[in-house]
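Quick mapping for you: the protein sequence lines, in order, are chains P and S.
Heads up, the first sequence is in numbering that gives the first Met the number 0, so the first residue is 0 and it goes up one at a time.
Heads up, the second sequence is in numbering that gives the first Met the number 0, so the first residue is 0 and it goes up one at a time.
Don't be surprised by glycine CBs; every beta carbon is placed ideally from N, CA and C.
It should be emphasised that the depicted structure is a prediction, and the values quoted were computed from it without experimental measurement.
Scroll down for the structure; my scribbles are underneath it.
There are 2 protein chains.
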Amino acid sequence: MSKSTSRDKLLDATFNEVYMYGYAGSSTANILKIAGVPKGSMYHHFASKKEMVVAMIKERLIPKVRESFFVEIHEDSRALDIIIFLFKKISKNKMLIKHGCPLHKLMFEMGSLDEEITDLCYEEFLHMRDNFSQIIDLGIHQKTIKDIDSKSLAEHIITNSWGALSIPPKHSSKEQFLKDTQHIIDYIKV
Amino acid sequence: MSKSTSRDKLLDATFNEVYMYGYAGSSTANILKIAGVPKGSMYHHFASKKEMVVAMIKERLIPKVRESFFVEIHEDSRALDIIIFLFKKISKNKMLIKHGCPLHKLMFEMGSLDEEITDLCYEEFLHMRDNFSQIIDLGIHQKTIKDIDSKSLAEHIITNSWGALSIPPKHSSKEQFLKDTQHIIDYIKV
DNA sequence: TTTATAATAGACCGACCAGTCTACTATAAA
DNA sequence: TTTATAGTAGACTGGTCGGTCTATTATAAA
């Protein structure tokens, strides 16, 4: 049982606010209200709204995305099955299906607006890609995945998932996502 | 040579403002400044910011996206070549490569915020999908494209392109987009 | 107990937001 | 020429924005 400090409550509220309304659409007043923390505390812990969001990305968004998008690599399991399992796992995550990948959403919005936040998100994208390409390399070695440039393929799989997940909540569904990713599976399997 | 009325100037400025800063991040004051039109004119032509954006989507965004994403179908040309040509055409569009598909960007942002705008964008997505699936059906008939459910494949191709185009301007390139879409080509060609 | 510092608390600030209001001008039908 | 309407013009409003300020309280080291 953690204490949940003001800082923690602010980061949690900031994640939800920015995820739902975007960076520009989020308001510090609303974050403070939801966190139940006075303004003085916020500006004690963070220099500005942007710095709070940067901390939120590092301490909430990136860990959540890693938790959602990453799977363990067992040397004895088939790499293709790992990827199929991952797509199933993502499809069960209602947050992702409804509102998209929070990393993608923020990076896309900030691309034209703030270089620091964009770069922070893009670095995590590269990290995801490199992590993913290891699974693909394993699959190529196991001959369960076609011998395609693994970095490029990993990038393809991530951006494709991002695109599929960016269908608006009213029209998105687990089934729609799995149908889309099935094309990826059909493409990469030997 | 058109007259470029105040209404036209407002819609043009609104497209750019919303494309760059998002709906929440856009400001009417800035739109008015760039359009060189006083506030009174804006509220004479449109009931609200939202109604102006709705008009912008119908009269600017959707036509631009159709122009960018659609290709003519010649009965005598190979459907696979049409799709390859389309990807090349998109890759040459610096606006799309840098800032992504404006339809995708707005739909993704508004998904949690406004149902009317979201539905307007989603309808156009469906229109794009159906138009695209015709090309695929042609390809299946010509045996240049694998016999895969054409609606699902069209959706896959569009959302994949959207994902690939949502890489931030600093890190996006024509080459990166073509590399990504090459996976699609390799997947669908017989 | 004293002292320093971390954290809480919220009133307050100027800037900017979308939207309103009244006045004025251009156009064209009667 | 008169009258009606479409369009231009921008000052102004209430509310929200991120951020500052001063005051107070909690914590812990000296």
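DSSP places S149/P in the uninterrupted alpha helix (DSSP H) bounded by 149–164. Across the set A46/P, E58/P, N92/P, the C-alpha of E58/P shows the shortest separation from the C-alpha of K8/P.
Chain-ordered listing is empty here: chain P has no CB closer than 8 Å to the CB of K173/S, the nearest sitting near 15 Å.
Taking a contact to require three or more Cβ pairs closer than 8 Å, the region 140–148 of chain S and the region 100–118 of chain S do not qualify as touching. Residues of chain S with a Cβ closer than 9 Å to the Cβ of L152/P are, in chain order, H182. As computed with DSSP, I144/S is found in a beta bridge with K188/S.
Listed along chain P, the residues sitting closer than 7 Å to H170/S by beta-carbon distance are Y121. If you check each beta-carbon in the region 95–114 of chain S against every beta-carbon of chain P, the ones closer than 9 Å belong to K97, H98, G99, H103, K104, M106, F107, E108, M109, G110, S111, L112, E114. At least one CB of chain P lies nearer than 7 Å to the CB of H155/S. Taking a Cβ-Cβ cut-off of 9 Å, the neighbours of S165/P in chain S comprise H103, M106, F107, G110, T158, W161, G162, S165, given in sequence order. Considering only R6/P, H44/P, N159/P, the residue with the shortest C-alpha distance to F86/P is N159/P.
Within a 10 Å sphere around the beta-carbon of G99/P sit 16 or more other beta-carbons, which makes this residue buried. By the beta-carbon neighbour count (other beta carbons within 10 angstroms, threshold 16), T180/S is buried. Residue-level contact check: Y186/P touches chain S, since one or more beta carbons of chain S fall below 7 Å from its beta carbon. In this structure, the straight-line span from the alpha carbon of S40/P to that of F124/P is close to 32 Å.
Annotated three-state conformation of N92/S is coil, per DSSP. Every unbroken stretch of the alpha helix (DSSP H) spanning 4 or more residues and falling wholly within the region 85–139 of chain S is given here in chain order: 93–98, 101–109.
Between K188/P and L79/P, the C-beta gap is smaller than 7 Å, which places the two residues in contact. Taking a beta-carbon distance threshold of 7 Å, M19/P counts as an interface residue toward chain S.
For a Cβ distance threshold of 7 Å, nothing in chain S lies close to T4/P: the least Cβ distance comes to about 28 Å. Within the model, the alpha-carbon separation for I82/S versus H73/S is close to 12 Å. With its beta carbon less than 7 Å from one in chain P, K178/S belongs to the interface. Under the 7 Å criterion on CB atoms, T143/P is classed as non-interfacial with respect to chain S.
In the structure shown, T4/S falls within a coil segment according to DSSP collapsed to helix, strand and coil. For E66/P, the uninterrupted alpha helix (DSSP H) run begins and ends at 61–68, by DSSP. Among the residues facing chain S, G138/P is not included, as its CB has no counterpart in that chain under 7 Å away. A direct Cα-to-Cα measurement between E174/P and S90/P gives close to 8 Å. By the neighbour-count criterion, in which 16 or more other beta carbons inside 10 Å mark a residue as buried, E16/S falls on the buried side. Residues of the region 20–36 of chain P that bring their beta carbon within less than 9 Å of a beta carbon in chain S comprise Y20, G21, Y22, A23, G24, S25, in sequence order. The beta carbon of G21/S sits closer than 6 Å to those of E108, all from its chain and outside the five residues before and after it, given in chain order. The beta carbon of T117/S falls within 7 Å of a beta carbon belonging to chain P, placing the residue at that interface.
For I33/P, the enclosing alpha helix (DSSP H) starts and ends at 27–34. Contact between K97/S and P168/S holds, with the beta-carbon distance rounding to 4 Å and staying under 8 Å.
By the neighbour-count criterion, in which a residue is buried when 16 or more other Cβ atoms sit within 10 angstroms of its Cβ, G35/P is exposed. If you compare the alpha carbons of K104/S, I183/S, F176/S with that of I166/P, the shortest gap goes to K104/S.
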